[in-house]
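There are 2 protein chains.
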Amino acid sequence: MRRTIFYVSDGTGITAETIGHSVLTQFDGIDFDTFRIPFVDDDVKARAACLRIKTSYAQTGVRPIVINTVVDPSLTEILAGSGALMVDVFAPFIGPLELELGTPRSRHVNKAHGLVNFAEYEARINATNYALSHDDGVATNYADAEMILVGVSRSGKTPTCLYMALHYGVKAANYPLTDDDLEKLELPARLKPHRNRLYGLTIDAQRLTQVRENRRPGSRYATLDQCRWELAQADKLFRREGLPVQNTTHTSIEEIASKILSALGIEKHMF
Amino acid sequence: MRRTIFYVSDGTGITAETIGHSVLTQFDGIDFDTFRIPFVDDDVKARAACLRIKTSYAQTGVRPIVINTVVDPSLTEILAGSGALMVDVFAPFIGPLELELGTPRSRHVNKAHGLVNFAEYEARINATNYALSHDDGVATNYADAEMILVGVSRSGKTPTCLYMALHYGVKAANYPLTDDDLEKLELPARLKPHRNRLYGLTIDAQRLTQVRENRRPGSRYATLDQCRWELAQADKLFRREGLPVQNTTHTSIEEIASKILSALGIEKHMF
Chain E
287 MRRTIFYVSD GTGITAETIG HSVLTQFDGI DFDTFRIPFV DDDVKARAAC LRIKTSYAQT
347 GVRPIVINTV VDPSLTEILA GSGALMVDVF APFIGPLELE LGTPRSRHVN KAHGLVNFAE
407 YEARINATNY ALSHDDGVAT NYADAEMILV GVSRSGKTPT CLYMALHYGV KAANYPLTDD
467 DLEKLELPAR LKPHRNRLYG LTIDAQRLTQ VRENRRPGSR YATLDQCRWE LAQADKLFRR
527 EGLPVQNTTH TSIEEIASKI LSALGIEKHM F
Chain D
287 MRRTIFYVSD GTGITAETIG HSVLTQFDGI DFDTFRIPFV DDDVKARAAC LRIKTSYAQT
347 GVRPIVINTV VDPSLTEILA GSGALMVDVF APFIGPLELE LGTPRSRHVN KAHGLVNFAE
407 YEARINATNY ALSHDDGVAT NYADAEMILV GVSRSGKTPT CLYMALHYGV KAANYPLTDD
467 DLEKLELPAR LKPHRNRLYG LTIDAQRLTQ VRENRRPGSR YATLDQCRWE LAQADKLFRR
527 EGLPVQNTTH TSIEEIASKI LSALGIEKHM F
């Protein structure tokens, strides 16, 4: 069974898509064709969106579902003219919160996303630059690092650091364990003063060999034996040094990031 | 007025935080202290979360608000014991969707986030590696690029490319306009075959001079005159070449990304 979903928003549509995705994945056995219609913030765009949804209805013969975060009720009314099932994301929460907070909501279009706070923007950009300049052991002054991810090459350190920067404005450095570290089973001296900010990443050997093989086909670096040895040594080192560790094999970047922030006690807002 | 908000989830809490943030920013004049309690997936963790929320209630004397995406109703019941206002994110949507889709939802805990699809993970990692290796004109073979962002140094290209990679698995390269390009008002020959994938970024001169001054204090590169000249030339070049352009000064990375995807007609799911 297939159903067509439109995420319609007066902003980026990210909120609509996030909640829609979370809700729809709770329904098994249905394939969803999903489309984003962002920046629907005037009559003309609302009518264009309505036409697109109506056309999909006519073509598939099945009522589309609109996951809607448009704040202006007159635009929502235009969208409803498409005949789609309208799911209004904000509506159910506004009443109880107005009551609890004792104040009516304001109806600023685009307020939810797209509102730029320079301090926030600066934090994200600075943290991104930090991640790039402290990636893969390039810069080794960790004084400003809020966390330092440690692991063998291709264990997931770089994407996690970039995600931390873009989403939480957290300055995350990463340190790739060298053969020397792995043989000695010891962290390099310059990491030791930062022990409470260290977090280990590991990965299954089978998966690591695939990832490395894609990167450097036929290399010794990519062999299963080499991957197994490095990971076993890294695990010993993590245990000896008492570092918290996360296996990245079956874990999304979002989940890894969330676990590290919890473990290190870093309370930051998501952007 | 201050209110304490807890985002409680059996997964990362990202859905709870996204919807909560969107709804709460619609209420003016209230400061929210927000806390994440992720991975609440058993009784023990639910009781610990309940205690933390109850303690906050006792300390502040004001009822906390829980934005809840925990799927298991028995855990939600434990949380409700804290006395907080419970806002269940999924509840309002499940009924109408069960009716429309003709099937009950399944109650897989952690399904919404954290579920890892290798193909998805691979796409994100590959796109991130692509962005890093095609950043700042480093690699100049654009055959695989789904988009190429063009602009002067520090106009917002790199964070946008990384965001595209991490969120949409889109391979985005970026090309920093050189003095030579800006003097000749011409795109380099190697970009021309990819014209339908080019997108220009610009920024206000005042803002650019600040950003560059942070990076290279006292340099000619950071002077307002230099920034003004580069931006004016870049604007002429974008117009002459007919490129779509976005000013990044007052626009969040999310919004920039969403606009570029729309303009280039790239329909990708968010991860």
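Sequence lines, in order, name chains E and D. Count the first sequence with the numbering used here and you get residues 287 to 557, in order. Count the second sequence with the numbering used here and you get residues 287 to 557, in order. All C-beta atoms in this analysis are idealised placements derived from N, C-alpha and C, irrespective of residue type, glycine included.
DSSP three-state assignment for residue i, whether helix, strand or coil
| i | result |
| --- | --- |
| D:Thr446 | helix |
| E:Leu387 | helix |
| D:Gln312 | coil |
| E:Gly400 | Because E:Gly400 sits at a pLDDT of 43, beneath the cut-off of 50, its placement in the model cannot be relied upon, and the following sentence gives the value as read from the coordinates. In this structure, E:Gly400 counts as coil in the three-state DSSP scheme. |
| E:Ala549 | helix |
| D:Gly486 | strand |
| E:Tyr428 | coil |
| E:Asp421 | helix |
Cβ-based burial, residue i [other Cβ within 10 Å; buried from 16]
| i | result |
| --- | --- |
| D:Asp430 | exposed |
| E:Met556 | buried |
| E:Asn354 | buried |
| E:Asp296 | buried |
| E:Arg502 | exposed |
| D:Pro350 | buried |
| E:Thr304 | buried |
| D:Met433 | buried |
| E:Ser241 | The shown model of chain E, from 287 to 557, leaves out residue 241 of chain E, and the question about it has no answer. |
| D:Arg393 | exposed |
| E:Ser360 | exposed |
| E:Arg288 | exposed |
| E:Leu365 | buried |
| E:His399 | Only weak support is given to the placement of E:His399: the predicted model assigns it a pLDDT of 44, under 50, and the value that follows is read from those uncertain coordinates. Buried, because 16 or more other Cβ atoms sit within 10 Å of the Cβ of E:His399. |
| E:Gly299 | buried |
| D:Thr341 | exposed |
Below-9 Å beta-carbon distance, residue i vs any chain E residue
| i | result |
| --- | --- |
| D:Lys545 | yes |
| D:Thr301 | yes |
| D:Gly442 | yes |
| D:His555 | yes |
| D:Ile339 | no |
| D:Phe325 | yes |
| D:Ile489 | no |
| D:Lys397 | Its pLDDT being 47, under 50, D:Lys397 is placed unreliably in this model, and the coordinates cannot settle the point. |
| D:Thr389 | yes |
| D:Pro359 | no |
Short CB-CB distance (under 9 Å) between residue i and chain D
| i | result |
| --- | --- |
| E:Glu540 | yes |
| E:Gly400 | Confidence at E:Gly400 is low in this model, with a pLDDT of 43, below 50, so its placement is unreliable and the value that follows should be read with caution. By this cut-off, E:Gly400 is an interface position. |
| E:Asp314 | yes |
| E:Arg322 | yes |
| E:Val309 | yes |
| E:Thr304 | yes |
| E:Glu363 | no |
| E:Ser392 | yes |
| E:Pro474 | no |
| E:Thr346 | no |
| E:Pro378 | yes |
| E:Arg288 | no |
| E:Pro462 | no |
| E:Ser419 | no |
| E:Glu432 | no |
| E:Glu527 | no |
| E:Ser548 | yes |
| E:Arg349 | yes |
| E:Thr298 | yes |
| E:Tyr485 | no |
For residue i, the first and last residue of its enclosing beta strand (DSSP E)
| i | result |
| --- | --- |
| D:Ile351 | 351-354 |
| D:Pro324 | Segment: none, D:Pro324 is in no beta strand (DSSP E) and carries neither H nor E. |
| D:Pro462 | 458-462 |
| D:Asp374 | 371-374 |
| D:Val497 | D:Val497 -> not in any beta strand (DSSP E); alpha helix (DSSP H) instead, spanning 491-501. |
| E:Val531 | 531-533 |
The alpha helix (DSSP H) enclosing residue i, as first and last residue numbers
| i | result |
| --- | --- |
| E:Val330 | 329-346 |
| D:Thr290 | Not the alpha helix (DSSP H): D:Thr290 falls in the beta strand (DSSP E), residues 288-294. |
| E:Ile434 | E:Ile434 -> not in any alpha helix (DSSP H); beta strand (DSSP E) instead, spanning 433-437. |
| D:Ala518 | 510-527 |
| D:Ala366 | 359-366 |
| E:Leu468 | 465-470 |
Across the segment 402-421 of chain E and the segment 435-450 of chain E, are there enough close Cβ pairs to call them in contact, namely three or more that are closer than 8 Å?
yes
Check whether the segment 304-316 of chain E and the segment 329-337 of chain E touch, using three or more Cβ-Cβ pairs below 8 Å as the test.
no
The segment 432-444 of chain E touching the segment 455-462 of chain E, judged by at least three CB pairs closer than 8 Å
With a cut-off of 8 Å on Cβ pairs, the segment 432-444 of chain E is in contact with the segment 455-462 of chain E, counting three or more such pairs.
Indicate whether the contact test is met: 3 or more Cβ pairs, each with one atom in the segment 382-392 of chain D and one in the segment 320-332 of chain E, closer than 8 Å.
Counting Cβ pairs under 8 Å, fewer than three are found: no touch.
Does the segment 486-500 of chain D touch the segment 522-537 of chain D, meaning 3 or more C-beta pairs lie closer than 8 Å?
The segment 522-537 of chain D vs the segment 486-500 of chain D: in contact.
So, do the segment 364-379 of chain E and the segment 365-382 of chain D have three or more beta carbon pairs nearer to each other than 8 Å?
yes
Segment contact flag, the segment 468-476 of chain D with the segment 510-527 of chain D, C-beta cutoff 8 Å, min 3 pairs:
yes
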